[in-house]
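One structure below.
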Amino acid sequence: MMLMTELQALSRTDLVGRYEQLLDAPPPKGLSRPLLCRIVAFETQAAERGGLGLRLRMQLRSIADEDGTISPTVHLKSDARLVREWNGVSHVVDRVGNGFSYRGKTYRSLSAIAKEITGAKWSGPRFFGLKRAA
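FYI, in numbering that gives the first Met the number 0 the residues of the sequence shown are 0 to 133.
And the structure:
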């Protein structure tokens with residue numbers, strides 16, 4: 000097992016090579032060196048110990064849709080309408096298909112709409128006052 004100190008001593012090129020070997024894909028652009036080290040360390044440990052455990056794999060499958068995307072923690076019916084007042088203006092968002100409609104444009108997430116409204120990064124469900132599904 001490779002220790003974290005050994006990973007930290009590797010060049011970025013070597014770390015990227017190990018990442019690609021373990022994950023069969025290049026690392027995301029802009030991934031910091033410390034995070035790259037942690038990911039390589041985790042994936043190395045997982046590979047040495049036989050991969051992720053059955054329980055964790057089942058949990059991950061249960062929260063992922065069939066297409067591999069993560070299911071939202073807040074579930075809204077397809078005809079749901081959200082209204083939020085911001086700076087004296089009422090903003091109306093409708094749930095449509097696999098997304099949300101706001102001012103004639105379809106968005107994949109409420110967070111994108113919240114950012115459009117406020118100009119800042121927000122948790123969309125929190126911005127619209129939604130609670131997590133129990």
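Cβ coordinates follow ideal geometry from the N, Cα and C atoms, glycine included. Predicted model only: the values in this text are computed from it and were never measured.
Through-space distance from residue j to residue i, alpha-carbon basis
| i | j | result |
| --- | --- | --- |
| residue 99 | residue 80 | 9 Å |
| residue 56 | residue 33 | 26 Å |
| residue 101 | residue 61 | 30 Å |
| residue 8 | residue 2 | 10 Å |
| residue 10 | residue 18 | 12 Å |
| residue 156 | residue 113 | No answer is possible for residue 156: the residues shown for the chain start at 0 and end at 133. |
| residue 50 | residue 116 | 43 Å |
Distance CB(residue i)-CB(residue j) smaller than 8 Å
| i | j | result |
| --- | --- | --- |
| residue 77 | residue 94 | yes |
| residue 43 | residue 21 | yes |
| residue 26 | residue 15 | yes |
Whole-Å CB distance - residue i paired with residue j, under 8 Å assumed
| i | j | result |
| --- | --- | --- |
| residue 88 | residue 82 | Actually they are not in contact, since the Cβ atoms of residue 88 and residue 82 sit about 11 Å apart, beyond 8 Å. |
| residue 110 | residue 121 | 6 Å |
Burial state of residue i, where buried means 16 or more other Cβ atoms lie within 10 Å
| i | result |
| --- | --- |
| residue 123 | buried |
| residue 70 | Unreliable positioning characterises residue 70 in this predicted model, as indicated by a pLDDT of 49, which lies under 50. A coordinate reading is not provided. |
beta-carbon residue i near the ligand NAD non-hydrogen atom, thresh 7 Å
| i | result |
| --- | --- |
| residue 121 | Among the ligands in the structure shown, none appear at all, so the ligand NAD cannot be discussed. |
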